[in-house]
Structures are given as structure tokens and as C-alpha cells.
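One structure is given below, encoded as C-alpha cells.
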Amino acid sequence: MNAYVALLRKQPDSDYGVDFPDFPGCITAGETLEDARRMAAEAVQLHIEGMIEDGEPIPAPSRLDDIMADPHHRDAVAVLIDAQVWRPAVRVNVSLPPDLLEAIDRVTDNRSRFLAEAAREKLQQV
């Protein structure tokens, strides 16, 4: 999961506008701040999925300091929006002790998903 900077702007008598410096053209809006954040999460996820389908590279999230150094962004409020950058799975061959495999099978019907989630959880602790 990546967190991208979304910039929120609000003019009098308008909704909250949202844009993503890392994804030019990815914009949305919401009547309330919470609505704008929810719409931003949907918009960036759809934008990323479209880029993946089109074979376009997905940029790494820019640093907040770099984004806010641009004078065009100084009137905005920055928020982080989580986005899943999905990549096709890669098949690997893993050897596990039989008792561990049996324990995994008792709690899930999808070994791959279970192992991927366990790996992500462990990596967050590092």
C-alpha cells in the first residue's frame, strides 16, 4: 500500500476540490471534507488501475516537502490517501513443514493470500 499526497482546496460557495500532484488529471470533489477524502481514495485507485491496464508506470509517492515547495500548491491542504498499487502475482515455490501447512489450511482456504498478508504484516514491523 502506498500513501499519495492529495491536495484539498476550498473556495467560498464551492465543494472541496482534490487533486494529486503525482497523477496529473486525477481530480475529484466532495461536499464535505470527509466526502472529499472518500472520493479522493476512489479516484486515485481508479486512476492507478487504469494506468496499470494501459501498461503505464506507477510513480512512487512524492515527498510532501517537494510538493509544497511548488508555489501553486501553497494554498492547498495536504492529506495522505492510501492506494493499492496492484501488480500481477508471481508464482513462487515455497517449502514448509507439514505441520505448519496444516495449521495454515485450518484457518484459510487461500494459502497464497494468507502468506502474502502474513508477509506484509511482518514487513510493517521491520
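Reading the sequence shown from the start, the letters are residues 55 to 180 in the numbering used here.
Beta carbons: idealized from backbone N, C-alpha and C, even for Gly.
Between A90 and Y58, the beta carbon gap of about 15 angstroms keeps them out of contact (Cβ cut-off 8 angstroms).
The Cβ atoms of A170 and L61 do not sit closer than 8 angstroms to each other. Between D76 and P113, the gap from beta carbon to beta carbon is short of 8 angstroms.
In this model, V133 and L87 are separated by some 11 angstroms (Cα to Cα).
Beyond the five residues adjoining it in sequence on each side, S166 comes within less than 8 angstroms, by CB distance, of A143 in the same chain, given in chain order.
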